[in-house]
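Below is one structure, written out as structure tokens; the observations come after it.
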Amino acid sequence: MASDAAKESTRKAWRELGFYCGKSDAAKEWRIVASVKGLRKFAAEIRAYASNPANDRLSEYTQLGPAMNLEIGTSHQTEITEQWIGGPLADLLRLATFIERSAQDNVVGKCVNLRSNFSPMASYELILDVREESFDPASTDPTCC
Numbered sequence: 635m636a637s638d639a640a641k642e643s644t645r646k647a648w649r650e651l652g653f654y655c656g657k658s659d660a661a662k663e664w665r666i667v668a669s670v671k672g673l674r675k676f677a678a679e680i681r682a683y684a685s686n687p688a689n690d691r692l693s694e695y696t697q698l699g700p701a702m703n704l705e706i707g708t709s710h711q712t713e714i715t716e717q718w719i720g721g722p723l724a725d726l727l728r729l730a731t732f733i734e735r736s737a738q739d740n741v742v743g744k745c746v747n748l749r750s751n752f753s754p755m756a757s758y759e760l761i762l763d764v765r766e767e768s769f770d771p772a773s774t775d776p777t778c779c
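Put into structure tokens, the structure is as follows:
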């Protein structure tokens, strides 16, 4: 069991990140839970990675979240797997733009599935779970509650 200090550190990290990213292997999905502002931060993380020419080599990646459980990386084709969201940098930029366009106030309380738009043959779904502006990303992580 995590100490109170470790739990607080994890809560702080989620809040600074602005979104929660969690995976369900049973459902074969990645769920990004955040307010509209937090989802835009998620898109910005993808855009920053994909805009860096140093990441144009296969298998380059960056990790997101306090546990570094989600990777954004470079691969030959678009994919969403148990490990990462990957693809050519141009496709990752396209994904960031799609997330930005999907993260609107009129979708608060809804979920937006992205697999069909980014990687239709992917083994995992990528879900944006859009919450109200006051949403605390740390509240979704069972390890820090």
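Numbering-wise (the working numbering), the sequence shown opens with residue 635 and increments by one. Beta carbons are placed, not taken as given, at the ideal position from N, Cα and C, and that holds for glycine.
Put Ser-637 into one of helix, strand or coil per three-state DSSP.
On the sequence shown, position 3 is the one that residue 637 refers to. Correct three-state label for Ser-637: coil.
Assign Tyr-683 to one of three DSSP states: helix, strand, or coil.
To locate residue 683, count along the sequence shown from 1; it is residue 49. In this structure, Tyr-683 counts as helix in the three-state DSSP scheme.
For the ligand ADP, is there any heavy atom lying closer than 6 Å to the beta carbon of Thr-644?
The ligand ADP is absent from the structure shown, which contains no ligands of any kind.
Can you tell me the Cβ-Cβ gap for Ile-733 and Glu-663, rounded? I've got them flagged as a contact below 8 Å.
Counting from one through the sequence shown, the residue named residue 733 turns up at place 99. Counting from one through the sequence shown, the residue named residue 663 turns up at place 29. Contact flag wrong, Cβ pair sits at about 16 Å.
So, are the CB atoms of Glu-767 and Ser-669 less than 7 Å apart?
Here residue 767 corresponds to residue number 133 of the sequence shown, with the count starting at 1. Here residue 669 corresponds to residue number 35 of the sequence shown, with the count starting at 1. It is a contact, given that the beta carbons lie within the stated cut-off.
Contact set for Gly-699: own chain, Cβ-Cβ below 7 Å, skip 5 residues either direction:
As a first step, residue 699 must be located in the sequence shown, where it is residue number 65. These residues qualify, in order along the chain: Leu-651 and Cys-655.
Go ahead and pull the three-state DSSP assignment for Leu-760.
Along the sequence shown, one-based indexing puts residue 760 at 126. Note: Leu-760 maps to strand in three-state DSSP.
I need the straight-line Cα distance from Gly-720 to Ser-773, nearest angstrom please.
Along the sequence shown, read from residue 1 onward, the residue named residue 720 stands at position 86. Along the sequence shown, read from residue 1 onward, the residue named residue 773 stands at position 139. Spanning the two alpha carbons is a distance of roughly 27 Å.
Complete beta strand (DSSP E) runs within the stretch 666-718 (minimum length 3 residues, chain order):
695-698 and 704-708
Using only alpha-carbon positions, find the residue among His-710, Ser-637 and Glu-716 that is nearest to Ala-621.
The structure shown does not extend to residue 621, since the chain is modelled only from 635 to 779, so the question has no answer here.
Please name the residue or residues paired with Lys-744 in a DSSP beta bridge.
Here residue 744 refers to the residue found at position 110 of the sequence shown. Per DSSP, none; premise fails for Lys-744.
Bridge partners for Glu-663 per DSSP, in chain order?
For this step, residue 663 is matched to residue 29 along the sequence shown. Ser-658 and Glu-759, per the DSSP bridge assignment.
Between which two residues does the alpha helix (DSSP H) holding Asp-775 run?
Against the sequence shown, residue 775 aligns to sequence position 141. Premise fails: Asp-775 is in no alpha helix (DSSP H) and is neither H nor E.
Contact under 7 Å by Cβ, Ala-756 with Glu-713:
Counting from 1 along the sequence shown, the entry for residue 756 is found at position 122. Counting from 1 along the sequence shown, the entry for residue 713 is found at position 79. The answer is yes: Cβ separation under 7 Å.
So, at 6 Å on beta carbons, what are the nonlocal neighbours of Arg-765 in its own chain, with the 5 sequence-adjacent residues on each side left out?
Here residue 765 is taken as the residue at index 131 of the sequence shown, counted from 1. If we look at Arg-765 and ignore the five residues flanking it on each side, its Cβ neighbours are Ser-669.
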